[in-house]
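*Asks:* Quick note: the sequence shown uses this note's numbering, first residue 85, plus one each step.
Backbone N, C-alpha and C define an ideal beta-carbon position, used for all residues, glycine too.
Just so you know, these numbers come straight off a predicted model, no measurement behind them.
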Amino acid sequence: MNRDPSFAGQCRRGSALGVLITLILVAGLIGLGAYLVMKPGSGHAPAPTSGTPTTGTSTGTASTPAVAPPAGPAVVAPEGKRPDPIEPAMAVPRLDAAAPYVPKNGILDVDISEYAGYAGLIVANKGLDPNPDSFFAKEYGFQVRLTLSEGENWSRVNHGQLAAGATTTDVLAVLGRQYAVNVPLLISYSRGADMIVVDQGLTSVNQLAGKVLAAAQFNESEFFIRYLAQEAGVGVQVLRDLDARPTGKNIGLVFYADAFIAADAYQHELASGKNRLNGCVGWSPRTDELVAASNGRAKILVSNRNLLVVADILTINQGFAQANPKMTQGLVHGILEGNRQVRADPKPFTTLLAKTLKWKEDEVPGELAKVHLANLPENLAFFNGTIDAAGSFGGIFQSALTAYGPQLIPNPADADRFHTGTVLDALKAGGTFAQETVAIAPIRTVSKGSALEGDALLAKDIRFLFEANSSTLDLASPDNQEYLATINRYLTVSPGSQVLLKGHVDNSLMAKFRQEGGETLVRNMALKAVELSKERAKSVRQALLNKYPGMKGDRLECIGRGWEEPVSALGDQNRRVEVRWFTLE
């Protein structure tokens, strides 16, 4: 993983003279922006579109949007020259050959990044260096040497240079069988660190079809947008340069060396008005800074604050884990104990975390608020698939396989090859953490109102099968059961989210009604169509509540639109229930 909140934070710091110079430069840029706004043909405000799913890599077709930007101050360009995209990889990364890790002098080497999700591990170890007073030394007789790096540690763990590292669950699906690791622990969920930032006029994932985003390849940056595109039924197409456009109705992705550089690239495009990028996928605090510098031209479309599909996991070298089960248990136990302490009261550890992660002490609470440190019951539910307020291990793994597709992963591995529950089961059997419970709640940042008061994150037409001219749902249909599972998945991975079920009916008989009874009959039948469409939506709602007893009814709202919103000239295409997913932000 490569999430370094210190990098962008350092860019914000400076002397009083530096601040004065910056203000003067910003004033000059504002004046330049006013001039550019007056010029014809400049701008950055793309129109919304919708799309259908396809995948692939392409140079696309050249296109130069010519839409005027909104009036206002100029976008502040980031420091340095405009970054160039990297050549996208056409196959999964190849790792160094698997080899067992061998501890030396009772010290284990573990690599992490500068990320609040690893706070529990740092607290258990009392810093980065091997420490005889650490939890690991006192309880299990070994010490841990932590290293901080922002490059991916996959090969070093695989090749036996590290005992363990940390990555996200989606990565396992990409690396597959070559990645010889055991995954005994969910360390944390990201809750707001990962974000999609887009042009101001875009309000949903569906509207990203036909647009181009900057991202980083093969990590949570790419997975986050692929996951949402998949759920919205929108395709993803990898592009090689900024002058290419996605074909059909796909989201175009252009890759950069890392997500911070992707954010830089988008900010440069906003500042220049060239309009070749419509957003980026990255993480806080760089994304927050980008939005602030855009002066209203860009916004956060969605973060994972209440969309828990980025799950940070502990990966242990497989040869080492098999030869050293007690040390493996010690690592897991220590991280869970550190997580427990930080969850209970982070204040005593503020100085330690700030020093270790190179943050200011007043930055620590804000960074910790962007993660959910996992406890033992949440781990058990994560791995056995019963967690009902976040993505599960198997669910995220399967979502990654589907999102990347068979072109990239033609022979996928199974999630079970990476995890055995022996360590967690042993801790549970021993009564460790017996007082803990699953405690993942929605984070409400604006108000306590309904999520339906905002814009839907995505919309998806689902053609449930009903008996003819009735609202009776065909529960024997495998397709209907899969559609119900899709809606349940929305609510499961996103605490506090709500789904609006909009019923629609076939409009093909309107001409017949008009011929038989004129406009009076059309109006009467229109009212009946609205009622039938609402009853169909309510039938879907009831089927969900019956199938998933833990689902709360107030998270599902139904309306009927009759035949007022056709999507096709073909009647059967209009017999549908539109699912609109509203997340808290």
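Would you kindly work out how many angstroms separate the C-alpha atoms of Leu297 and Glu353, rounded to a whole number?
*Replies:* Rounded to the nearest angstrom, the two C-alpha atoms are 11 Å apart.
*Asks:* Spatial neighbours of Arg659 within its chain, please: CB distance less than 8 Å, with the 5 preceding and 5 following residues excluded, ordered by chain position.
*Replies:* Correct list, in chain order: Arg547, Phe550, His588, Val589, Asp590.
*Asks:* Counting only beta-carbon separations shorter than 8 Å, does Asp509 have a partner in chain B?
*Replies:* Although the question refers to chain B, the structure presented lacks it and comprises just one protein chain.
*Asks:* Restricting to runs no shorter than 4 residues, where is the alpha helix (DSSP H) found entirely within the segment 556-593?
*Replies:* Listed in chain order, the complete alpha helix (DSSP H) runs (minimum 4 residues) inside the segment 556-593 are 562-577.
*Asks:* Decide yes or no for the touch test of the segment 338-353 against the segment 287-295: beta carbon pairs closer than 8 Å, at least 3 of them.
*Replies:* No contact exists between the segment 338-353 and the segment 287-295.
*Asks:* Please determine, among Val375, Leu568, Glu445, Ser356, the residue with the shortest C-alpha to C-alpha distance to Lys165.
*Replies:* For Lys165, the nearest C-alpha among the options comes from Ser356.
*Asks:* Using the Cβ count rule (16 or more neighbours within 10 Å means buried), how would you classify Glu603?
*Replies:* Counting Cβ neighbours within 10 Å, Glu603 comes out exposed, since fewer than 16 surround it.
*Asks:* So, at 6 Å on beta carbons, what are the nonlocal neighbours of Tyr632 in its own chain, with the 5 sequence-adjacent residues on each side left out?
*Replies:* Cβ neighbours of Tyr632 beyond the five flanking positions: Asn572.
*Asks:* For Lys596, count neighbouring C-beta atoms within 10 Å of its own C-beta (all shown protein chains included) and say buried if the count is 16 or more, exposed if not.
*Replies:* When all chains shown are included, Lys596 counts as exposed.
*Asks:* Between which two residues does the beta strand (DSSP E) holding Glu662 run?
*Replies:* Segment 660-666, the beta strand (DSSP E) holding Glu662.
*Asks:* Starting from Phe502, follow the beta strand (DSSP E) in both directions and report where the run begins and ends.
*Replies:* Per DSSP, Phe502 belongs to no beta strand (DSSP E) and is neither H nor E.
*Asks:* Note down, one range per segment and in chain order, each beta strand (DSSP E) of at least 3 residues found wholly within the segment 189-219.
*Replies:* Segments of the beta strand (DSSP E) lying fully in the segment 189-219: 191-196.
*Asks:* Entirely within the segment 348-423 and at least 3 residues each: give me those beta strand (DSSP E) ranges in chain order.
*Replies:* Runs of the beta strand (DSSP E) inside the segment 348-423: 363-367, 382-387, 395-401.
*Asks:* Report yes if the C-beta distance between Phe517 and Arg424 is below 8 Å; otherwise report no.
*Replies:* It is a contact, given that the beta carbons lie within the stated cut-off.
*Asks:* Please state whether DSSP places Gly224 in a helix, a strand or coil.
*Replies:* The displayed chain sequence assigns Tyr, not Gly, to residue 224. Residue state, collapsed to three classes: helix.
*Asks:* Tell me, please, whether the segment 199-214 touches the segment 416-430 by the rule of three or more beta-carbon pairs shorter than 8 Å.
*Replies:* At 8 Å Cβ cutoff, the stretches touch.
*Asks:* Where do the ends of the alpha helix (DSSP H) carrying Val258 lie?
*Replies:* Segment 253-259, the alpha helix (DSSP H) holding Val258.
*Asks:* Hey, could you find the ends of the beta strand (DSSP E) Phe307 is sitting in?
*Replies:* Segment 304-316 is the alpha helix (DSSP H) holding Phe307; no beta strand (DSSP E) there.
*Asks:* Exposed or buried, Pro214, counting other C-beta atoms within 10 Å across all chains shown (16 or more means buried)?
*Replies:* When all chains shown are included, Pro214 counts as buried.
*Asks:* Go ahead and pull the three-state DSSP assignment for Thr133.
*Replies:* For Thr133, the predicted model reports a pLDDT of 33, less than 50, meaning its position is unreliable; a value from the coordinates is still stated below. Looking at Thr133 - three-state DSSP - the assignment turns out to be coil, as it is neither helix nor strand.
*Asks:* If the criterion is Cβ atoms closer than 8 Å, does the pair Ala395 and Thr506 meet it?
*Replies:* Not a contact, by the Cβ cut-off of 8 Å.
*Asks:* Taking the alpha helix (DSSP H) that Leu441 belongs to, which residues open and close that run?
*Replies:* Leu441 -> alpha helix (DSSP H) spans 434-441.
*Asks:* Would you report the Cα separation of Leu568 and Leu232, rounded to the nearest angstrom?
*Replies:* Distance between the alpha carbons of Leu568 and Leu232 is about 43 Å.
*Asks:* Go ahead and label Thr576 buried or exposed: buried means 16 or more other beta carbons lie within 10 angstroms of its beta carbon, across all protein chains shown.
*Replies:* Buried, since its Cβ has 16 or more Cβ neighbours within 10 Å.
*Asks:* Does the Cβ of Glu451 have 16 or more other Cβ atoms within 10 Å, making it buried, or fewer, making it exposed?
*Replies:* Result: buried.
*Asks:* Apart from the five residues just before and just after Ala182, which ones in its own chain have a Cβ nearer than 6 Å to its Cβ?
*Replies:* Excluding sequence neighbours, Ala182 sits near Asn242, Ala264.
*Asks:* For Thr231, write down the residues that DSSP places opposite it in a beta bridge.
*Replies:* Per DSSP, Asp195.
*Asks:* Output the distance between the C-alpha atoms of Asn359 and Ala328, rounded to the nearest integer angstrom.
*Replies:* C-alpha separation (whole angstroms): 12 Å.
*Asks:* Please name the residue, chosen from Met279, Ala382, Val661, that lies closest to Leu392 on a Cα-to-Cα basis.
*Replies:* Nearest of Met279, Ala382, Val661 to Leu392, Cα basis: Met279.
*Asks:* Enumerate in chain order the residues of its own chain whose CB-to-CB distance from Gly469 is below 8 Å, with the five nearest sequence positions on each side excluded.
*Replies:* For Gly469, where only same-chain residues beyond five positions count, the Cβ hits under 8 Å are Ser476, Phe477, Gly478, Gly479.
*Asks:* Could you give the first and the last residue of the continuous alpha helix (DSSP H) run that contains Ile480?
*Replies:* Counting along the chain, the alpha helix (DSSP H) containing Ile480 begins and ends at 477-492.
*Asks:* Using CA coordinates, which residue listed in Thr440, Val386, Gly260, Tyr350 is at the minimum distance from Tyr199?
*Replies:* Of the listed residues, the one whose Cα sits closest to Tyr199 is Thr440.
*Asks:* Quick one: measure Cβ to Cβ for Ala497 and Arg261, integer angstroms, because I've assumed they're closer than 8 Å.
*Replies:* With 8 Å as the limit, Ala497 and Arg261 qualify as a contact, their Cβ atoms being about 5 Å apart.
*Asks:* Express the C-alpha separation of Gln657 and Ala203 in angstroms, rounding to a whole number.
*Replies:* Cα to Cα, the separation comes out at about 51 Å.
*Asks:* When we look at the beta-carbon of Gly514 and count the other beta-carbons within 10 Å, is it buried (16 or more) or exposed?
*Replies:* Result: exposed.
*Asks:* Quick one, which of Ser592, Glu649, Ile493, Asn564 has its alpha-carbon nearest Val255's?
*Replies:* For the residues Ser592, Glu649, Ile493, Asn564, the minimum Cα distance to Val255 belongs to Ile493.
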